[in-house]
Amino acid sequence: MQPDWLKSILSGSTADPDLMTRSFPWAARMIGCPHDPIHHAEGDPWTHTMMVAEALERGDGFEALPPERQDLLRLTAWFHDVAKPQTTEIVWEPFLNEDGSPSRSFEDQQRLSAWLSEMEKHQPRQVGWDDAEEEPSHLSLRADGRERVTQHHHAAQGAMMAWRGLIDAGCDAQMARDVFTMTFWHQRPSHMLGNTSNDRKIIQLSVDAGQGNWDDLIRFCEADQRGRMSQNRDQVLEDLALARLLVAEAGENIGADLLNNPWPFANPESRLKYLRGKGGDLPFHASEHAAGSRVIMMSGLPGSGKDTFLEQNFARWPIVSMDKIREEMGVSPTDNQGKVHQETYNQIKALLRTGEAFAVNSTSLTRVMRQKLSGTILDYDGYIEAYSIDVPFSVARQRNSSRENPVPDDVLVKLANKREPILSNEAHELYSVDEHMNLTKMFGHEPDVDVTWSPAPS
Numbered sequence: 034m035q036p037d038w039l040k041s042i043l044s045g046s047t048a049d050p051d052l053m054t055r056s057f058p059w060a061a062r063m064i065g066c067p068h069d070p071i072h073h074a075e076g077d078p079w080t081h082t083m084m085v086a087e088a089l090e091r092g093d094g095f096e097a098l099p100p101e102r103q104d105l106l107r108l109t110a111w112f113h114d115v116a117k118p119q120t121t122e123i124v125w126e127p128f129l130n131e132d133g134s135p136s137r138s139f140e141d142q143q144r145l146s147a148w149l150s151e152m153e154k155h156q157p158r159q160v161g162w163d164d165a166e167e168e169p170s171h172l173s174l175r176a177d178g179r180e181r182v183t184q185h186h187h188a189a190q191g192a193m194m195a196w197r198g199l200i201d202a203g204c205d206a207q208m209a210r211d212v213f214t215m216t217f218w219h220q221r222p223s224h225m226l227g228n229t230s231n232d233r234k235i236i237q238l239s240v241d242a243g244q245g246n247w248d249d250l251i252r253f254c255e256a257d258q259r260g261r262m263s264q265n266r267d268q269v270l271e272d273l274a275l276a277r278l279l280v281a282e283a284g285e286n287i288g289a290d291l292l293n294n295p296w297p298f299a300n301p302e303s304r305l306k307y308l309r310g311k312g313g314d315l316p317f318h319a320s321e322h323a324a325g326s327r328v329i330m331m332s333g334l335p336g337s338g339k340d341t342f343l344e345q346n347f348a349r350w351p352i353v354s355m356d357k358i359r360e361e362m363g364v365s366p367t368d369n370q371g372k373v374h375q376e377t378y379n380q381i382k383a384l385l386r387t388g389e390a391f392a393v394n395s396t397s398l399t400r401v402m403r404q405k406l407s408g409t410i411l412d413y414d415g416y417i418e419a420y421s422i423d424v425p426f427s428v429a430r431q432r433n434s435s436r437e438n439p440v441p442d443d444v445l446v447k448l449a450n451k452r453e454p455i456l457s458n459e460a461h462e463l464y465s466v467d468e469h470m471n472l473t474k475m476f477g478h479e480p481d482v483d484v485t486w487s488p489a490p491s
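All residue numbers in the sequence shown are consecutive under my numbering, ending with 491.
This is the structure:
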């Protein structure tokens with residue numbers, strides 16, 4: 034059952050602000066969190082979030098959007114700043130770089146230390162607004178200059194929080210992926226002007242946006258500006274209008290509507306090589322299809338259902354299982370996993386050399402975890418067919434507890450807090466698998482590929 038806050042957002046109109054304040058899991062820490070007085074004179078991140086949600090509903094053309102795109106933008110509005118509390122730094126303005134980030138230069142750090150020492154003679158240090166153990170303390174610097182609040186990387190961290198939070202709330206995996214993308218990208222359009230590497234960004238977002246598109250992202254960014262009190266709001270809105278023209282022009286140059294549609298890659302191999310920087314700077318190139326092994330790459334928490342899925346669909350395939358290797362080597366989940374990883378890759382490479390189709394059964398929850406695996410497969414010209422078991426944490430936890438050798442709960446919690454979605458530059462195809470083992474294709478099978486999904490090896 035979906036929680037009240039998710040039902041309210043997806044109700045088809047503006048979410049109830051009182052209900053959201055009471056039930057949205059991230060609201061309490063956003064309320065009272067410092068916000069930069071120059072760019073957010075309206076108040077804390079929660080005040081800003083509610084203003085953005087209202088501005089979005091009032092935006093030109095919003096009511097005419099399909100319901101799924103309205104829902105995507107509404108969810109993005111409520112999630113786009115959830116990571117600001119954990120990324121907050123308060124600095125004295127002279128110690129800011131030109132881009133607004135805190136200065137880390139040796140000279141400035143010396144000046145800061147000397148200034149702090151002098152200040153402490155007259156007043157005690159004031160620790161930050163949030164005393165929660167899992168968050169860093171932030172020092173409030175008071176002087177004749179202005180205090181400034183920076184919250185760098187809140188978009189990337191907020192995207193991860195949105196992905197995990199929505200999956201755990203029982204949200205549709207496609208929607209959760211799309212909210213992840215919109216949240217991750219929401220600061221980028223206003224900084225596109227004068228950038229010489231826009232083409233790759235335009236293409237990447239057009240592919241990863243799923244049900245959304247560039248028009249939706251810019252529409253949200255405009256609401257993000259209208260839902261604040263800022264000295265440069267009008268200038269940023271003008272920059273966003275120019276960004277819209279830039280994306281439209283990039284599409285017109287190839288006869289495509291990139292504001293509303295993804296880049297028309299010739300096939301999955303072309304997409305993967307271009308987005309991984311392996312296909313040069315020309316996205317028009319039609320790459321040859323992978324000639325090596327077809328590899329099933331699983332991703333999911335312990336207990337999520339990876340073993341069951343493989344047994345139901347790929348039982349006749351060779352399966353490289355980290356759990357099985359760990360068991361054979363007598364290594365527990367809390368021990369050093371170096372030898373387990375080494376043996377896993379020995380078996381993977383042996384199969385890749387034969388060109389035989391096989392499956393890899395491991396958690397592969399983060400991009401870092403998957404990089405070595407996907408890189409190894411692609412080095413052997415393999416075809417990556419990824420299956421992400423996207424079930425709520427509560428489901429994985431219950432299933433794990435009923436296993437003969439369950440993963441310790443503290444380990445499971447740490448793994449759950451590392452989950453990241455598989456993106457379009459990590460696999461040729463991606464399917465999401467829900468708790469009932471139903472499949473939903475996320476991406477893959479571009480127009481010139483005639484591949485029928487089959488659980489049987491070719």
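Just so you know, even glycine gets a beta-carbon here, dropped at the ideal spot from N, CA and C.
- Message: If distances are taken between C-alpha atoms only, which option among Ala348, Pro351, Asp368, Gly198 comes closest to Glu453?
- Response: Gly198
- What did DSSP end up calling Met331 once you bin it into helix, strand or coil? strand
- Beta-bridge partners of Ser354, as assigned by DSSP: Asn394
- Expressed to the nearest angstrom, what Euclidean distance is found between the alpha-carbon atoms of Asp211 and Gly227? 27 Å
- Message: Whole angstroms are fine: how far does the CA of Arg55 sit from the CA of Met83?
- Response: 13 Å
- Item | Other residues of its chain near Asn246: CB distance less than 6 Å, five sequence neighbours each side excluded | Asn293
- Helix, strand or coil at Gly277 according to DSSP, with G and I counted as helix: This sequence places Arg at residue 277; Gly is not what is there. Three-state result, Arg277: helix.
- Message: Within a Cβ cutoff of 8 Å, which residues of the same chain sit near Arg403, ignoring the five residues on either side of it in sequence?
- Response: Met330, Ser332, Ser397, Ile455, Glu459
- Would you call Val446 buried or exposed, if buried means 16 or more other Cβ atoms sit within 10 Å of its Cβ? exposed
- Query: Can you tell which of Asn231, Gly260, Gln264, Lys306 has its C-alpha closest to the C-alpha of Leu279?
  - Reply: Asn231
- Message: Going by the DSSP bridge assignment, what does Val466 pair with across the sheet?
- Response: Ile422, Leu472
- Task: Tell me whether the beta-carbon of Ala74 lies closer than 7 Å to the beta-carbon of Ala110.
- Result: The Cβ atoms of Ala74 and Ala110 do not sit closer than 7 Å to each other.
- Assigned exposure category for Met362 - 16 Cβ within 10 Å defines buried: exposed
- In terms of alpha-carbon separation, which member of Pro99, Thr120, Gly260 lies closest to His185? Thr120
- Item | Cβ separation of Tyr416 and Val328, assumed to be a contact under 8 Å, to the nearest whole Å | 7 Å
- Going straight from the alpha carbon of Lys234 to that of Ser434, what length do you get? 43 Å
- With a cut-off of 8 Å on the beta carbons, I'd call Met225 and Ala192 a contact; round off their distance for me. Met225 to Ala192, Cβ: 19 Å. No contact.
- 7 Å Cβ cutoff met for Trp296 and Val240: yes
- Query: For the candidate residues Gly94, Ser407, His469, Asp442, whose alpha-carbon lies nearest to that of Asp248?
  - Reply: Gly94
- Message: In this structure, how does DSSP classify Tyr416 when only helix, strand and coil are distinguished?
- Response: strand
- Message: My parser needs the alpha helix (DSSP H) runs of 4 or more residues fully inside the region 43 to 74; what are they?
- Response: 50 to 56, 60 to 63
- Message: Could you compute how far the alpha carbon of Asn394 sits from the alpha carbon of Gln264?
- Response: When rounded, the distance between both Cα atoms is 52 Å.
- Is Ser170 helix, strand or coil by DSSP? Its pLDDT being 36, under 50, Ser170 is placed unreliably by the model, and the measurement read from it follows with that caveat. DSSP, reduced to helix, strand and coil, places Ser170 outside both helices and strands of the structure shown, so it counts as coil.
- Task: State buried or exposed for Ile381, treating a residue as buried only when at least 16 other CB atoms are found within 10 Å of its CB.
- Result: buried
- Below 6 Å CB to CB, which residues in the same chain sit around Tyr413 once its five sequence neighbours on both sides are set aside? Gly325, Leu385
- DSSP three-state assignment for Thr341, whether helix, strand or coil: helix
- Message: Quick check: His68 and Val182, are their CB atoms within less than 7 Å of each other?
- Response: Yes. Within cutoff.
- Query: Based on the DSSP output, what are the partners of Glu122 in its beta bridges?
  - Reply: Thr183
- Message: Mapping the DSSP letters down to three states, classify Pro297 as helix, strand or coil.
- Response: coil
- Distance, Glu282 Cα to Phe426 Cα: Per the coordinates, the alpha-carbon of Phe426 lies some 43 Å from the alpha-carbon of Glu282.
- Which same chain residues, not among the five before or five after Thr216, have their C-beta less than 7 Å away from its C-beta? Thr109, Phe112, His113, Ala188, Gly191, Ala192, Ala195
- Task: Report back the beta-carbon spacing between Phe253 and Leu106 to the nearest angstrom; my notes put them in contact at under 8 Å.
- Result: 5 Å
- Task: Pull up the CB-CB distance for Asp88 and Ala256, whole angstroms please, since I reckon it's below 8 Å.
- Result: Going by the sequence as given, residue 88 is Ala instead of Asp. Confirmed, about 4 Å.
- Message: For a test of the three-state rule: what should DSSP assign to Gln258, helix, strand or coil?
- Response: helix
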